[in-house]
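Going down the list, the protein sequences come from chains A and B. Residue numbering for the first sequence follows my numbering, starting at 893 and increasing by one per position. Residue numbering for the second sequence follows my numbering, starting at 498 and increasing by one per position. Working notes, beginning with the structure itself.
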Amino acid sequence: MGRLSAAMRAELQQQAPDVAFLLAITIAGTTYRWGAVGEPGRIHAGTGLYEPRVVSWGGSIERGVSPTESGLDLSNDVDVLLNDHDQAITTILEGAARNSVRGATAVIYLASRNVGPGDWLTLYSGRIETYSQPSPLLWSFRLAPHDQPLRRESVPKPKILVSDWPTAALAARDLPAPILYGRVSSSNGTNDGAVACHYVDSVGFRYLVCAGRAKAVETVYKDGVSVAAANYAITYPVVNGRLYTVIDFTATQGTSTITCDAQGYDSVGDGSGTLITDPAAIAKHLLVNWIYGDWQNGAWLSDSTAPVDVTSFGSTFFSTRGYEASVYVATKRRGVDVLNDLLKSFEAKACWTAAGTITLKVEDFTSWSYVSDLVLREDEISGWGLTYAVAQLVDKIELQYALLPTGGYTRRLTVSDLGTGEQAPEGIDAPFSPAFFL
Amino acid sequence: MAIPSDIPTLYAWYKASTFTLQEGETCGNWIDSSGNGRTLVTGGTPVYRANVLSGYPCIQYVLSEADVHSLGSFGWLANLANCTIFAVFAPGALGGGNGSIFSSLGGSNHEGIGWNGTQVRMRNGAQNALGGASSQDVWCYMYGCQTTGVHVGCSLNGGSEVTTASSGRAAPDAGGSLALDGGAYTNCRVAEVIVFASDLSAGNKTLMNEYLRDKFFGVAPAQQEQMRDMASRRLWMRRRPSGLFEVTAPLSMLDADILDRIAVESQVGPAPAAAGWGGRKWQRRAFSLQRITCGPGAANVTLHLLDRRPLDVLLWDSARTDERNASARQSGVARLSKTVAFTFARLSQAWVENPADPTAVVACGQRERAINRIGEYLEEARTNEITRSSFAGGTTGLTLVGTGTNGSAIAVDAADLFFDAATTPNSLRFTAGNPHAAELRCTFPATASITANTVCRLSIDHKTDNAEGLYWRLQRGVDSQFWNDSSAAWQSGSVDNSMPTHSDRDPADRHHSKKIDVGTSATTLTLSVFLQTSGTASRVSHLYHAQLENGNFATGRIVTDGAVVTRVKTELSHEVTTAAKIYDPALGAFWCQVTPDWSSADLGSTEDQYVFWMETNGGADHDALFYDASAGSWVFERKVGGSTYTATKTASVTRGTTYSIGCRWTGVEAELGLTAYTISVFVDGVKGTDAVSAAPTFTSPENLYRGSDATFAKHINGAMRELRILPYAPTDEEIARLP
């Protein structure tokens, strides 16, 4: 187990391991290999030359989760300072491939002359975010993970455009076409419709439920009163290449407000699959199809189109506990914020892997599993100290959940630890917790 | 919301939540929350089940005479001619019962509510009102009512009341009972029962239905449970008093990934006899890695570690070495669970100080440690060895007799080892000459004087290669008397004490655990192991280990050999291979490391190798994990009521290789998405072919045998390390992560 190969582990457990940090950057198909100044250029007989150019690795290479926050860390950058005494880097940056430098792949390895390259540890994987020349004959490269789609305020991507819906009501124009996962329903609760429907076709009397195909529209409401099924049909038009779910009324509904209870996307994308409800599966699906990708119609996008650690998102932690998420995104937001809302709703974590992918983690305090391979002896470590501020300790979680898009949070729950002396509640919202009533 | 005490004519009210018990514990009497004092008396073995329905507990009954709650003076006949009875329950299989949930006694004349296999019902003698269809193992709330001479009625889950005309009563008994009608018992789980001495008005029935519905079937119970769990995990993260530690460590810790568990070993307490790391007491603390920062300049890593110690403790490593990756460092594990704590102390000998007190575990012998259930040391290492021969030095220091006579010989055999080569020394090979004319004897040096009125312990590990095996003789120096093993007494004449013959070395042999009272005077002891003069030629036996130890404990102590296992609120096990009461057949897993001293290709077809055997149903049934020699597979076998179910994993085995062997069983709740009572077997984290068994029956306490079947006829030949029994069903991934 573990991230190290057996050979690399053995090397690092030596009294004085012979290791070096290496940088490989691929620009327009050419890989440039650089090591620290002072290191021998040829690290291993099986590899090419690693020119000694790295003056500084920018302090540290860091990744992880926060014990108090659920969100994915976007400040996962590394600043590398490179010696350019022979202006070789300048030649690259100003040469024919100058437009390919930003976004070029960058990998940092932990290598050893005693270990084959196949066993070297990938310490960091990302792209060149930007570069600058802080002084003559020095270049600084800022490396970052492939996180641009997470930073953009672009989810949901589809909008209700006049070019797609020429007769859309004014109030609906330019609104995002909502994204819908899981069950979002007012049935047995407020019974007035949980999902607001946008009037996108005032000639055909059509109201948009969501982008893509909803697994089911269970009940349609007009001004909070259920409408007989004979008065409408659920259709799935493809408009300029993009699939939508709409309620197609047989007659005008005037100025009435139309809402519905619905089930979101299924595993196939055409309504024939199973409803996706597992929070881990939804998180991956969101990342692949809506945050990194822009799915429009047909089969869902392949997982390989987004930097996701597929194995971790296949976690059965949530499904074995019966967790179901209800996700409804109807306002334009940053991808990372949507993802973090989902993580927060289920106390899950996400972080970057060394390979530059997003991985899902859960701190399961009920687990007894014990990995004794990873053992540190007291005399091997230093700096032992408590850094967890007492002021951060809480004794009570006051949770709001079951968010109905049309009605706000409908439930509250408090979990307390009566055995502590603090009087420090934390209020949190779970926006993508189950939004339906049994 | 109205509660039962708001409604007139409340007669009795039973809530499972009034018990203060842990999951799986047996219940005492069930108090009456109505204030009327109609406490139901336990039959002895109803079981408390925690957090079953919307966080509320229930009581489980399993179709037996002891699995009831009843009260003979309940006053049913006199007071409940008109009544309404509410209950929240999940019916179990009818079996031989008739599904009565709460009723009077009186056999076929009984009155009360129940389930007939398909519907809930209210019964008055032969008159039934069926309230609606309800399935086995599905929770429901219902009520039954009667107005004598008018009707009986029944309602399920708030539905309409179904009534049947009633012509009168059929003389029920005075008693009132749960899971019993006087003629038969019931499989069921019950969370709450409310009895009113009137046929309530429709309005009051609605109020009580709402009370039960909201309490146990809140508008969205599944969501509440999920969110409660989520918020609990959040609170656990935010109330970490032990906190987040930041430490700097070698680059080799880049092996770790985020949220991996990491153990940090700290030295605690003064060093006992031995010097250096290996001889000191150690404590391990478990952490979860939150963040890892690699500093290329400093060539180290900074770890942000979240302390998980209260939930995952590992202490004490008797086999610890200075080598970082020595496999032996994993042996000797004490574990502490937050909910169902138990301790496993891997000892080769132990004295139970007070069997009635589960927290005071043991005193222990040489080179051992004992710990209590919260991981504290109870006993330091002792140096009380008298004679301990492991033949690392060959026959040096031993007195040999009879060698050289017609080929009789005692010789070091380096090729035949006890357990694995890494930890054990040579054996001694006894070969009888042809003809065998003299006792072939190996005598160990006399011990130093032993305190009067104390107990010594003798252990001998041996193997009979062919024909008759080895004997032993123990002589007391103070008066030259000999120990007679049959009578457990000293006598003047010489005694040849026999040992069982084995074709294999046999670590679970009871011969290991001989308790010897040295008598009223201080004395020395001399031990001999030998082949008798009489007998056939060319007999061969191996002696692996002979040890005589001065426990220096007062006579009367219980001497054990092997694992001592205990659990909170249970008694201790007393015997080597009969560790009781830590096993829950309802749900759980067993896991250990096994190093066979055999290869599968070398096994005879009947030489099955048993890792553990757990008796169930009073010994009539069992769960067992073993290597099936004829099939060439690891098998988790469950026997229930005469039927045998097996989960198998075909695998060849190589001598000296350590395997991670585990098995898992799910319970009635169909955990992990598996069918209820699914049994699985794992080899090195890889699951074999599952099977689904019938529901096992557990008559606590029952016996757990490790390293053998229940008859001691089939042992595992090899080493077992780090045994774990988990009182929950771990996922495949969790089992795979066990080391």
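Just so you know, even glycine gets a beta-carbon here, dropped at the ideal spot from N, CA and C. Everything numeric in this text was worked out from a predicted model, so none of it was measured.
CA-CA distance, residue 1299 (chain A) and residue 1141 (chain A)? 24 Å
Which word fits residue 918 (chain B), buried or exposed, when buried means at least 16 other C-beta atoms lie within 10 angstroms of its C-beta? With a pLDDT of only 43 at residue 918 (chain B), under the threshold of 50, the placement of this residue in the model should not be trusted; the figure read from the coordinates follows. So residue 918 (chain B) counts as exposed.
Closest to residue 1087 (chain A) by CA distance: which of A:912, A:1155, A:939, A:1322 is it? A:1155
From B:930, B:1124, B:1138, B:1128, residue whose alpha carbon lies closest to that of residue 1116 (chain B): B:1138
Check the Cβ-Cβ distances between residue 959 (chain A) and every residue of chain B, and say whether any is below 8 Å. yes
Which word fits residue 515 (chain B), buried or exposed, when buried means at least 16 other C-beta atoms lie within 10 angstroms of its C-beta? exposed
What residue does the alpha helix (DSSP H) around residue 1229 (chain A) start on, and which one ends it? 1227 to 1237
Hey, which unbroken runs of the alpha helix (DSSP H) at 4 residues or more fall wholly within the segment 895 to 921 of chain A? 898 to 904
Against chain A, does residue 1039 (chain B) count as a neighbour if the rule is that its beta carbon must be under 8 Å from one of theirs? no
Distance check for residue 598 (chain B) and residue 693 (chain B), CA to CA, integer angstroms please. 16 Å
Within 8 Å, do at least three Cβ pairs link the segment 902 to 912 of chain A to the segment 995 to 1007 of chain A? yes
Can you list the residues of chain A that residue 1091 (chain B) reaches, using a CB-CB cut of under 7 Å? In chain order: nothing, as chain A lies at least about 17 Å away.
Short check: CB of residue 1326 (chain A) to CB of residue 1218 (chain A), under 8 Å? yes
Delimiting residues of the alpha helix (DSSP H) encompassing residue 936 (chain B): Unbroken run through residue 936 (chain B): none, as it is neither H nor E.
Chain A beta carbons: is any one of them nearer than 8 Å to that of residue 551 (chain B)? no
Cα-Cα separation, residue 1203 (chain A) to residue 1180 (chain A): 14 Å
By Cβ distance, which residues of its chain are closer than 6 Å to residue 845 (chain B), with the 5 residues on each side in sequence left out? Residue placement at residue 845 (chain B) cannot be trusted, given a pLDDT of 37 that sits under 50; what the coordinates show is reported in the next sentence. The answer is none, since no qualifying residue turns up.
Could you spell out the range, first to last residue, of the beta strand (DSSP E) harbouring residue 1205 (chain A)? Per DSSP, residue 1205 (chain A) belongs to no beta strand (DSSP E); it is in the alpha helix (DSSP H), 1202 to 1205.
Environment of residue 945 (chain A) [buried if 16+ CB atoms lie within 10 Å]: buried
If I measure Cβ to Cβ from residue 949 (chain B) and keep anything under 8 Å in the same chain, skipping five residues before and after, which residues do I get? 1015, 1016, 1017, 1018, 1019, 1020
Taking CB distances under 8 Å as the criterion, tell me whether residue 1270 (chain A) reaches chain B. yes
Cα-Cα separation between residue 1290 (chain A) and residue 1318 (chain A), rounded to whole angstroms: 6 Å
Compare the C-beta of residue 1238 (chain A) with all C-beta atoms of chain B and state if any pair is closer than 8 Å. yes
Return no unless some Cβ of chain A is closer than 8 Å to the Cβ of residue 705 (chain B). no
Compile a chain-ordered list of the residues in the segment 1097 to 1128 of chain A whose CB is closer than 7 Å to at least one CB of chain B. none
Give the single residue among B:538, B:511, B:544, B:520 whose Cα lies nearest to the Cα of residue 530 (chain B). B:511
Chain B partners of residue 914 (chain A), CB-CB under 8 Å? Chain B residues near residue 914 (chain A): none, gap ~10 Å exceeds 8 Å.
Going by DSSP, name the residue or residues bridged to residue 1049 (chain A). According to DSSP, which records beta bridges pairwise, residue 1049 (chain A) is partnered with nothing at all.
If contact is defined by three or more beta carbon pairs under 8 Å, each pair taking one atom from either stretch, is the segment 609 to 628 of chain B in contact with the segment 644 to 654 of chain B? yes
Residue span of the beta strand (DSSP E) that contains residue 1171 (chain A), given as start and end: It is not in any beta strand (DSSP E) - residue 1171 (chain A) instead sits in the alpha helix (DSSP H) that spans 1171 to 1178.
Measuring only between beta-carbons, confirm whether residue 926 (chain B) sits less than 8 Å from chain A. no
C-beta neighbour in chain A for residue 791 (chain B), strict 8 Å: yes
Tell me the DSSP secondary structure of residue 1033 (chain A) in three-state form. strand
Enumerate in chain order the residues of its own chain whose CB-to-CB distance from residue 502 (chain B) is below 6 Å, with the five nearest sequence positions on each side excluded. none
Which bits of chain B does residue 1293 (chain A) rub up against, with CB to CB less than 7 Å? 724
Taking the alpha helix (DSSP H) that residue 705 (chain B) falls in, what are its first and last residues? 699 to 713
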